[in-house]
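A.B. asks: Each number in our numbering comes from the position in the sequence shown (counting from 1) with 1116 added on.
Beta carbons are placed, not taken as given, at the ideal position from N, Cα and C, and that holds for glycine.
Quantities reported herein were computed from a predicted structural model and do not represent experimental measurements.
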Amino acid sequence: MRIIETALFTKQRDSIIHYIAQDNVQAALKFAKQLKDDINLLVTFPGQYQQSKYTNSQNIHDMVFNGYTIIYKVNPETIEILQNFNQNLPEKLCN
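#1: I'd like the span of the beta strand (DSSP E) that includes Gln1199, first residue to last.
#2: Could you say which of Tyr1165, Thr1194, Leu1124 lies nearest to Phe1181 if we only look at CA atoms?
#3: In angstroms, rounded to a whole number, what distance separates the CA positions of Ala1137 and Ala1143?
#4: Taking a contact to mean a Cβ-Cβ separation below 8 Å, would you say Tyr1184 touches Ile1195 in this structure?
#5: With a threshold of 16 other CB atoms inside 10 Å of the CB of Ile1129, please say whether the residue is buried or exposed.
#6: Check for me: the alpha helix (DSSP H) holding Phe1212 runs from which residue to which?
#7: If we count the other Cβ atoms within 10 Å of its Cβ and call it buried at 16 or more, is Ser1168 buried or exposed?
#8: Use the C-beta contact count for Asn1200: other C-beta atoms within 10 angstroms, 16 or more gives buried, fewer gives exposed.
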């Protein structure tokens, strides 16, 4: 199984890291590393987080990380990281 990050997720993640770095570069680097490590654990335990409350699809899950919700989809051969949000509602999900 491999991880695929959507363009939307990558844009959102990079924006968050850039925002943190404006205040503290070391904190931004730590955030980025921890997020990457947690996402990589999904390969071993893809169903470890609850089914998403934002969609009815059973293969979409919500991973909570440092106050952010990372929405991901478990496919037979891949884990697709769809998007990342904090307090705002997620953009419409594709099922």
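C.D. replies: Inspection of the coordinates gives the following:
#1: DSSP places Gln1199 inside the beta strand (DSSP E), whose first and last residues are 1194–1201.
#2: The option with the nearest alpha carbon to Phe1181 is Tyr1165.
#3: So the two alpha carbons sit approximately 7 Å from each other.
#4: Cβ distance not < 8 Å, so Tyr1184 and Ile1195 don't count as in contact.
#5: Residue identity differs from the one stated: residue 1129 is Arg in this sequence, not Ile. With at least 16 other beta carbons inside 10 angstroms of its own, Arg1129 counts as buried.
#6: For the chain, the structure presents residues 1117 to 1211; residue 1212 sits outside this window and is missing.
#7: By the neighbour-count criterion, in which a residue is buried when 16 or more other Cβ atoms sit within 10 angstroms of its Cβ, Ser1168 is buried.
#8: Buried is the call here.
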